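Below is one structure; the comments refer to it alone.
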Amino acid sequence: MVGNALRKARRDFMFRYGRRLRQLEHWLVARLAIVLLSLLRLLPPDSALNFADRVARRVGPLVGRHRVAVNNLRLAYPQKSDAEIEAIARDMWGNMARLAAEYIFLDALFDFDPDAAKPGRVEVRGIEHFVEIAGERKPHILFTGHLGNFELLPVAAATFGMNITALFRPPNNPYLADYIHSTRRSSMGALLPSAAGASFALAAILEKGGNIGVLV
33 MVGNALRKAR RDFMFRYGRR LRQLEHWLVA RLAIVLLSLL RLLPPDSALN
83 FADRVARRVG PLVGRHRVAV NNLRLAYPQK SDAEIEAIAR DMWGNMARLA
133 AEYIFLDALF DFDPDAAKPG RVEVRGIEHF VEIAGERKPH ILFTGHLGNF
183 ELLPVAAATF GMNITALFRP PNNPYLADYI HSTRRSSMGA LLPSAAGASF
233 ALAAILEKGG NIGVLV
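Residues in the sequence shown are numbered from 33 upward in steps of one, following our numbering.
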């Protein structure tokens with residue numbers, strides 16, 4: 033009787049306040065992420081990326097998603113030892129942290145200069161394709177792999193005079209999604225959320241001779 037009453041009370045509470053609690057959770061997570069990214073901005077790019085990597089490798093294994101990652105890795109690589117699986121999972125956390133931190137340093141990280149005497153950290157191949165597409169008065173659909181920091185592609189394209197509207201899936205956290213939009217620079221191209229009506233928006237861009245980027 034008591035157990036049933038408690039379960040019913042919990043269901044009623046979640047029904048009434050569940051949405052508000054989720055909003056509060058999203059807000060708290062977003063504020064924490066924004067504060068961390070703001071602190072990373074105070075560091076040089078390499079120091080910030082290395083710091084984010086080290087912290088994520090230590091904090092990541094403490095959250096529930098780490099267990100999901102480890103279980104999936106065991107299913108994918110049954111021949112690997114527990115130590116190898118754990119190392120891959122920690123590498124995943126480090127990589128994700130670097131990707132997040134790289135977002136706020138894209139302008140500094142993309143240091144490509146074709147006239148520089150010494151090469152920078154970024155190498156661009158196929159410049160002629162960027163230049164050709166930028167000079168054509170017709171629409172294009174460009175595909176790139178969903179790996180690494182794919183945000184560098186529109187930055188590279190803008191360097192050579194080509195603008196791209198990228199179709200993307202916004203974060204589940206609406207506060208983080210708003211922050212991403214507010215900090216996005218014009219050199220990074222435009223974003224189009226993959227929501228209802230996105231196909232019509234894409235068609236309108238193509239009709240105007242615009243370029244669309246799609247991750248595959």
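Every residue gets a Cβ at the ideal spot worked out from N, C-alpha and C, and that includes glycine.
Since this is a predicted model, take the numbers as computed values, not measurements.
- Boundaries around residue 243 are those of the beta strand (DSSP E), 243–247, since no alpha helix (DSSP H) includes it.
- Residue 102 is positioned such that its CB atom lies closer than 8 Å to that of residue 121.
- For secondary structure counted as the alpha helix (DSSP H) over 4 or more consecutive residues, the stretch 81–148 holds these complete runs in sequence order: 96–108, 114–135, 138–141.
- In the structure shown, the three-state DSSP call for residue 206 is helix.
- Cβ atoms of residue 223 and residue 198 come within 8 Å of each other, at about 6 Å.
- DSSP lists 200 as the beta-bridge partner residues of residue 225.
- DSSP, read as helix, strand or coil, puts residue 162 in helix.
- With 16 or more other CB atoms across the displayed protein chains lying within 10 angstroms of its CB, residue 88 is buried.
- As the crow flies, the alpha-carbon of residue 153 is around 19 Å from that of residue 85.
- Short of 8 Å from the beta carbon of residue 177, and not among the five residues preceding or following it, lie these beta carbons of its own chain, in chain order: 247, 248.
- By the C-beta density criterion, residue 159 is exposed, having fewer than 16 other C-beta atoms within 10 angstroms.
- With contacts defined by Cβ atoms closer than 8 Å, residue 172 and residue 127 do not form a contacting pair.
- In terms of Cβ geometry, residue 192 and residue 226 do not form a close pair [threshold 8 Å].
- Taking a 10 Å sphere around the C-beta of residue 175, we find fewer than 16 other C-beta atoms and assign the residue as exposed.
- Under the three-state reduction of DSSP output, residue 213 falls in the helix class.
- Nearest to residue 207 by alpha-carbon distance, out of 182, 99, 66, is 66.
- At the C-beta level, residue 187 and residue 142 come within 8 Å of one another.
- A Cβ-Cβ distance of about 5 Å is found for the pair residue 144 and residue 156, placing them in contact under the 8 Å criterion.
- Taking C-beta atoms as the reference points, residue 92 and residue 125 count as a pair closer than 8 Å.
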